[in-house]
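Number of protein chains: 2
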Amino acid sequence: MQSEATHAQVLTTVDVVVLTLVEGVLSVVLLQRERAPYVGVWALPGGYIHAQEDADAQASAARVLRSKAGIEGAYLEQLATFSGPARDPRGWSVAISYCALIPQQLLPAPRSGLKIVPVSAVGQLPFDHGQILQAALGRVRSKSQYSSLPVYFLGESFSLPQLQQVYESILGEPVNKVSFRRKMDELGMLEPVPGAMQAGGAHRPAQLYRVRPEFRQQLALSARGL
Amino acid sequence: MQSEATHAQVLTTVDVVVLTLVEGVLSVVLLQRERAPYVGVWALPGGYIHAQEDADAQASAARVLRSKAGIEGAYLEQLATFSGPARDPRGWSVAISYCALIPQQLLPAPRSGLKIVPVSAVGQLPFDHGQILQAALGRVRSKSQYSSLPVYFLGESFSLPQLQQVYESILGEPVNKVSFRRKMDELGMLEPVPGAMQAGGAHRPAQLYRVRPEFRQQLALSARGL
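Taken in sequence, the protein lines are chains Z and V.
Using full-length UniProt numbering, you'd call the opening residue of the first sequence number 1 and step up by one each time.
Using full-length UniProt numbering, you'd call the opening residue of the second sequence number 1 and step up by one each time.
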């Protein structure tokens with residue numbers, strides 16, 4: 001039998017991959033670490049679970065984003081849990097990782113210690129953060145094939161052409177307009193914003209849409225891909 | 001800042017949903033708990049992470065299955081991580097949950113303290129094990145739509161009609177034979193066992209197949225469902 005002291009040797013943390021679209025380019029939020037290990041190195045936002053205040057690990061992730069990065073209102077989804085004796089020099093650790101999607105306009109202004117980097121230009125990350133980032137990218141790309149996930153990159157209201165562009169940015173390929181609109185109908189998570197039209201541009205004004213309340217923190221899923 | 005003593009208050013455990021098919025009925029392995037909390041109650045196999053010996057949480061899950069249930073050789077996949085102050089009366093806890101798939105013939109003989117129950121007849125479970133079981137069933141049913149997952153319910157070699165029956169048991173509906181065989185071709189994870197035919201029965205002998213070595217611990221995925 002093992003003593004409680006043995007179990008206590010496991011460090012439990014959360015790490016969050018915050019993704020956004022900057023001019024159509026999938027990008028990730030990195031923070032400069034303020035303390036050892038890897039002090040001064042750019043890394044994913046992360047931190048310990050605070051047993052006294054967190055309702056669950058997702059609440060820990062939301063608290064870390066708020067307190068360390070000034071980020072609120074992101075769509076949060078659990079990704080996977082990474083663990084082992086070697087991933088953190090402080091000892092055997094468990095990192096419950098989350099993926100956060102947020103429209104660029106809800107991100108805080110750039111400041112010392114916070115940057116938003118295209119995912120293709122991230123380079124080396126400390127711990128196993130590179131592996132966690134790859135898991136997030138795989139998840140977002142595969143889920144975008146058959147769900148409403150990409151709407152969380154957009155603000156409160158948007159036109160269908162804007163939404164189609166977001167899907168195309170994430171999938172990395174053009175999407176047929178007719179089948180895209182059929183798919184959005186099938187997902188059933190959008191509703192027109194009464195009387196709201198997209199202003200400006202050479203084309204005629206487009207109807208603006210928003211996510212129905214019941215889908216704001218829950219994905220709409222489709223049986224078939226785009 | 002929080003002290004290390006604070007972080008140590010989080011209990012880190014693994015819980016495993018072991019699924020098998022008994023006469024075509026999806027069933028789960030339950031163990032009778034040997035100590036508090038819930039002593040004597042039937043529950044999912046689970047236990048603490050042992051930082052000195054486990055290479056990662058999946059190794060913890062494999063060790064728990066081996067030492068507490070005598071189960072080896074199951075296909076293991078991480079499911080999700082459940083956490084919070086209320087799920088375990090011992091305190092704020094993290095349960096990294098796994099789904100294990102195993103052919104019935106690799107399960108140990110029934111004994112006092114271990115039973116195999118149809119998933120529809122499980123009833124109330126302690127902790128949040130009911131929620132973890134539901135997550136496993138959802139995962140297995142949805143992944144069976146577009147992957148090779150169900151092969152892990154079968155032994156080393158099997159005929160295509162046997163495999164189709166397994167898919168039908170999990171999906172809960174008949175599958176068209178022609179499109180099923182096309183899907184298996186597309187997945188590309190099967191190879192014929194040279195010279196091996198299924199004996200007996202009123203029909204002519206069927207060729208036996210096995211999973212190609214590269215897919216024994218890795219799923220073959222299809223872009224479209226069955």
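No residue lacks a Cβ here, since even glycine has one placed at the ideal position from N, Cα and C.
Does residue i have its Cβ less than 8 Å from a Cβ in chain V?
{"i": "residue 166 of chain Z", "result": "no"}
{"i": "residue 80 of chain Z", "result": "yes"}
{"i": "residue 49 of chain Z", "result": "yes"}
{"i": "residue 56 of chain Z", "result": "yes"}
Taking only the alpha-carbon atoms, compute the straight-line gap between residue i and residue j and give it to the nearest angstrom.
{"i": "residue 9 of chain Z", "j": "residue 114 of chain V", "result": "30 Å"}
{"i": "residue 135 of chain Z", "j": "residue 204 of chain V", "result": "47 Å"}
{"i": "residue 127 of chain Z", "j": "residue 199 of chain V", "result": "54 Å"}
{"i": "residue 144 of chain Z", "j": "residue 170 of chain Z", "result": "7 Å"}
{"i": "residue 122 of chain V", "j": "residue 74 of chain V", "result": "21 Å"}
{"i": "residue 150 of chain Z", "j": "residue 42 of chain Z", "result": "26 Å"}
{"i": "residue 52 of chain Z", "j": "residue 220 of chain V", "result": "43 Å"}
{"i": "residue 1 of chain Z", "j": "residue 108 of chain Z", "result": "Summary for residue 1 of chain Z: the model assigns pLDDT 41, below 50, so the residue's position carries little reliability; its value from the coordinates is reported in the next sentence. Residue 1 of chain Z and residue 108 of chain Z: Cα-Cα distance of roughly 49 Å."}
{"i": "residue 147 of chain V", "j": "residue 158 of chain V", "result": "17 Å"}
{"i": "residue 99 of chain Z", "j": "residue 18 of chain Z", "result": "6 Å"}
{"i": "residue 124 of chain Z", "j": "residue 182 of chain V", "result": "42 Å"}
{"i": "residue 208 of chain Z", "j": "residue 62 of chain Z", "result": "29 Å"}
{"i": "residue 191 of chain V", "j": "residue 139 of chain V", "result": "26 Å"}
{"i": "residue 22 of chain Z", "j": "residue 162 of chain V", "result": "51 Å"}
{"i": "residue 153 of chain V", "j": "residue 218 of chain V", "result": "14 Å"}
{"i": "residue 165 of chain Z", "j": "residue 89 of chain V", "result": "49 Å"}
{"i": "residue 215 of chain V", "j": "residue 95 of chain Z", "result": "28 Å"}
{"i": "residue 44 of chain Z", "j": "residue 194 of chain V", "result": "51 Å"}
{"i": "residue 84 of chain Z", "j": "residue 133 of chain V", "result": "25 Å"}
{"i": "residue 20 of chain Z", "j": "residue 70 of chain Z", "result": "15 Å"}
{"i": "residue 120 of chain Z", "j": "residue 37 of chain V", "result": "49 Å"}
{"i": "residue 142 of chain V", "j": "residue 46 of chain Z", "result": "31 Å"}
{"i": "residue 28 of chain V", "j": "residue 60 of chain Z", "result": "32 Å"}
{"i": "residue 82 of chain V", "j": "residue 49 of chain V", "result": "15 Å"}
{"i": "residue 188 of chain V", "j": "residue 130 of chain Z", "result": "30 Å"}
{"i": "residue 26 of chain Z", "j": "residue 64 of chain Z", "result": "22 Å"}
{"i": "residue 91 of chain Z", "j": "residue 210 of chain Z", "result": "46 Å"}
{"i": "residue 180 of chain Z", "j": "residue 112 of chain Z", "result": "40 Å"}
{"i": "residue 4 of chain V", "j": "residue 110 of chain Z", "result": "Because residue 4 of chain V carries a pLDDT of 47, less than 50, the predicted location of this residue cannot be relied on, and the following value inherits that uncertainty. The straight-line gap from Cα to Cα measures roughly 32 Å."}
{"i": "residue 105 of chain V", "j": "residue 173 of chain Z", "result": "46 Å"}
Identify whether residue i lies in helix, strand or coil by the three-state DSSP scheme.
{"i": "residue 192 of chain Z", "result": "strand"}
{"i": "residue 38 of chain Z", "result": "coil"}
{"i": "residue 206 of chain Z", "result": "coil"}
{"i": "residue 122 of chain V", "result": "coil"}
{"i": "residue 137 of chain V", "result": "helix"}
{"i": "residue 149 of chain V", "result": "helix"}
{"i": "residue 166 of chain V", "result": "helix"}
{"i": "residue 154 of chain V", "result": "coil"}
{"i": "residue 171 of chain Z", "result": "helix"}
{"i": "residue 221 of chain Z", "result": "strand"}
{"i": "residue 55 of chain Z", "result": "coil"}
{"i": "residue 182 of chain Z", "result": "helix"}
Counting only beta-carbon separations shorter than 8 Å, does residue i have a partner in chain Z?
{"i": "residue 62 of chain V", "result": "no"}
{"i": "residue 135 of chain V", "result": "no"}
{"i": "residue 9 of chain V", "result": "yes"}
{"i": "residue 88 of chain V", "result": "no"}
{"i": "residue 220 of chain V", "result": "no"}
{"i": "residue 83 of chain V", "result": "yes"}
{"i": "residue 20 of chain V", "result": "no"}
Bridge partners of residue i, per DSSP?
{"i": "residue 43 of chain Z", "result": "Z:31"}
{"i": "residue 128 of chain V", "result": "None, per the DSSP bridge assignment."}
{"i": "residue 197 of chain V", "result": "V:207"}
{"i": "residue 48 of chain Z", "result": "Z:13"}
{"i": "residue 159 of chain V", "result": "V:208"}
{"i": "residue 19 of chain Z", "result": "Z:28, Z:101"}
Using 7 Å as the cut-off, classify the Cβ of residue i as near or not near the heavy atoms of the ligand COA, replying yes or no.
{"i": "residue 30 of chain Z", "result": "No copy of the ligand COA occurs in the structure displayed, which carries no ligand at all."}
Which runs of the beta strand (DSSP E) spanning at least 3 residues fall entirely within the segment 64-118 of chain Z, listed in chain order?
75-84, 93-101, 114-118
Under 8 Å, CB to CB, which of the residues in the segment 90-101 of chain Z have a partner in chain A?
Checking the listed chains, one finds no chain A in this structure; the protein chains it contains are Z and V.
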